[in-house]
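**Student:** Residue numbers (full-length UniProt numbering): 1 to 329.
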Amino acid sequence: MAASSSDMVLRSTRPQVFINFRGEELRRGFISFLEPTLKNENINVFIDELELRGRDLQNLFVRIKESKIALVIFSKDYANSEWCLDELAMIKECMDQGNLDVIPIFYKVEPSVVKYLLGYFGENFMNLKNRYENDPERTRKWEEALASVSQKFGLPFPEKSDRTDREFINSIVVEVKRVLEHIGGKADKRGHAKVIQRQQQEEIHQGCMFNARELKISGSHNARYWTFVSISESPNDEVAFEVAKMQRNYYLEVSGFCQTEILTTGTKYEVVFVVKVEDTMSRWDVPAKVQLMVPYSNELQERELQFVDLIRNEWVDIQAGVFVHSRKT
């Protein structure tokens, strides 16, 4: 019997949780209970034994980048494995980029021991660091990753604990589900923002937009000051559009003319310049003057703006004025 759409569930095969840990003893004990418990909650899990034999560390880096959460399980022998520390350095990189949430697990080791490289844990790390003294960049990343990840809010399981491994694992599952729910909420907000952005674009298309080349821009004929480039705002955009990019200028005048016969009578219109101010723009302290003159009207609309007040690296509208279209215009 064919399954209906209501009773068929499609799940991603990509890992939601990457587990970074050290040691066969941990794998046969703690990890052997943690992994199936997460899977029973329909959470995709990746541990390195699932990787095909013969593949190198770069393939594990791909798995880390694909994941939403990294569980970093610090144990007493963790710091004597360059493999674990290389993974940890990649986890930190993804975390710093905002692409990965990290939950450190301190399994029978104190957080301060990891952060400050104390005792047996610290000795293991220093021995490994000395072995790789000819690769200081690599060991620097290890040390930074240990300090950064260990200071995040984590879940400790002391050597002498009142809880069993099973109880501790249940608390990990609760935390993972909480973080996944939070990530899903952020994704919903981003999706809502994209809908609003699309609606705004559709509203723009209901009016008229003029290409930069149709405007009169001071110095635009000189490539030293201006260039015209085609851009698209996302990798999925099929249509690129042309913009004028100011390279260097000390005087700016932009003007344009529109035949208003194409506009609907009685409708209120807003005239704006669409601009993006980049971080690299030098400070422009002098106020800019924006004017709008409607044909057959003696009223000049004028306002001033400060470029330094504009949001950087986003397209923003600079309003020149508003008018209601009449038949005679």
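Backbone N, C-alpha and C define an ideal beta-carbon position, used for all residues, glycine too. Keep in mind it's a predicted model, so treat the numbers as computed, not measured.
How far does the alpha helix (DSSP H) with Ile91 in it extend, from its first residue to its last?
**Tutor:** It spans 82-96 - the alpha helix (DSSP H) in which Ile91 sits, taken as one unbroken run.
**Student:** Leu180 by DSSP, collapsed to three states: which one?
**Tutor:** The answer is helix: DSSP assigns Leu180 an H, G or I state.
**Student:** Kindly indicate the opening and closing residues of the alpha helix (DSSP H) around Ala79.
**Tutor:** Neither: Ala79 is in no alpha helix (DSSP H) and is coded neither H nor E.
**Student:** Between which residues of its own chain and Ile47 is the CB-CB distance below 6 Å, once the five residues before and five after are set aside?
**Tutor:** Closer than 6 Å at the Cβ level, and outside the excluded window around Ile47, lie Ile19.
**Student:** Spell out a yes or no on whether the stretch 36-46 and the stretch 89-108 are touching, meaning 3 or more CB-CB pairs, one atom from each, closer than 8 Å.
**Tutor:** They do not touch, by the three-pair rule.
**Student:** Of the residues Val174, Val114, Lys108, which one's Cα is nearest the Cα of Lys160?
**Tutor:** Considering only alpha carbons, the answer is Lys108.
**Student:** Which residue's Cα is closest to the Cα of Gly23: Lys68, Glu66, Glu143, Ala79?
**Tutor:** Of the candidates Lys68, Glu66, Glu143, Ala79, the one whose C-alpha sits nearest the C-alpha of Gly23 is Ala79.
**Student:** For Trp142, tell me which candidate among Lys152, Asp165, Val114 has the shortest Cα-Cα distance.
**Tutor:** Ranking Lys152, Asp165, Val114 by Cα distance to Trp142 puts Val114 first.
**Student:** Closest by CA to Met293, which one among His182, Glu110, Phe323?
**Tutor:** Nearest option by C-alpha distance: Phe323.
**Student:** Does DSSP classify residue 368 as helix, strand or coil?
**Tutor:** The shown model of the chain, from 1 to 329, leaves out residue 368, and the question about it has no answer.
**Student:** With burial defined as no fewer than 16 other Cβ atoms inside 10 Å of the residue's Cβ, what is the status of Thr139: buried or exposed?
**Tutor:** Thr139 is buried by the Cβ-count criterion.
**Student:** Bridge partners of Ile69, per DSSP?
**Tutor:** Ile69 is bridged to Val17, Asp101.
**Student:** Along the chain, where does the beta strand (DSSP E) that runs through Pro156 open and close?
**Tutor:** Counting along the chain, the beta strand (DSSP E) containing Pro156 begins and ends at 155-157.
**Student:** Do Val174 and Leu71 come within 9 Å of each other at the CB atom, strictly closer than that value?
**Tutor:** No, Cβ-Cβ distance for Leu71 and Val174 is not below 9 Å.
**Student:** Going straight from the alpha carbon of Leu300 to that of Glu144, what length do you get?
**Tutor:** Distance between the alpha carbons of Leu300 and Glu144: 60 Å.
**Student:** Taking buried to mean at least 16 other C-beta atoms within 10 Å of its own C-beta, is Gly154 buried or exposed?
**Tutor:** It is buried - the Cβ of Gly154 has at least 16 other Cβ atoms within 10 Å.
**Student:** When burial is assigned at 16 or more other CB atoms within 10 Å of the CB, is Lys152 buried or exposed?
**Tutor:** That one is exposed.
**Student:** For Gly54 and Arg28, what's the separation of their Cα atoms in angstroms?
**Tutor:** Residue placement at Gly54 is flagged as unreliable, the pLDDT there being 41, under the threshold of 50; a coordinate-derived value is accordingly withheld.
**Student:** Answer with buried or exposed for Val239, where buried requires no fewer than 16 other C-beta atoms within 10 angstroms of its C-beta.
**Tutor:** Because the pLDDT of Val239 is 47, which lies under 50, any placement of that residue in the model is unreliable, and the number read from its coordinates should be weighed accordingly. With fewer than 16 other Cβ atoms within 10 Å, it is exposed.
**Student:** Can you tell me whether Glu175 sits near the ligand ATP, meaning its C-beta is under 8 Å from at least one heavy atom of the ligand?
**Tutor:** This structure simply doesn't include the ligand ATP, nor any ligand for that matter.
**Student:** Here's the rule: buried if 16 or more other CB atoms are within 10 angstroms of the residue's CB, otherwise exposed. What is Ser75?
**Tutor:** Buried.
**Student:** First and last residue of the beta strand (DSSP E) that includes Arg303?
**Tutor:** Taken as a continuous stretch (DSSP letters only), the beta strand (DSSP E) holding Arg303 covers 300-305.
**Student:** Thinking C-alpha only, which one of Ile183, Gly184, Thr264, Ile172 is nearest Ile103?
**Tutor:** Nearest option by C-alpha distance: Ile172.
**Student:** Can you grab the Cα-Cα spacing for the pair Gln16 / Ile105, in whole Å?
**Tutor:** Each residue's Cα considered, the two are about 17 Å apart.
**Student:** Going by the CB atoms, is the gap between Val179 and Asp101 shorter than 9 Å?
**Tutor:** Yes, they are a contact pair.
**Student:** Quick one: grab the DSSP three-state call for Tyr269.
**Tutor:** It is a strand residue.
**Student:** Roughly how many whole angstroms lie between the Cα atoms of Val254 and Glu278?
**Tutor:** Approximately 19 Å, taken between the alpha carbons.
**Student:** In whole angstroms, give me the CA-to-CA distance for Ile183 and Glu110.
**Tutor:** Computed Cα separation, rounded: 28 Å.
**Student:** According to DSSP, simplified to helix, strand and coil, what is residue 331?
**Tutor:** Here the chain comprises residues numbered 1 to 329, so residue 331 is not present and cannot be evaluated.
**Student:** Around the C-beta of Glu87, are 16 or more other C-beta atoms found within 10 angstroms, so that it is buried, or is it exposed?
**Tutor:** The residue is buried, with at least 16 neighbouring Cβ atoms inside 10 Å.
**Student:** Helix, strand or coil for Gln151 per DSSP?
**Tutor:** Gln151: coil per DSSP, three-state reduction.
**Student:** Terminal residues of the continuous beta strand (DSSP E) containing Phe323?
**Tutor:** 315-324 is the extent of the beta strand (DSSP E) around Phe323.
**Student:** Applying the 10 Å Cβ sphere with the 16-neighbour rule, what's the burial state of Val316?
**Tutor:** By the 10 Å Cβ count, Val316 comes out exposed.
**Student:** Could you please give the first and the last residue of the uninterrupted alpha helix (DSSP H) stretch that includes Leu38?
**Tutor:** Note, Leu38: alpha helix (DSSP H), 32-40.
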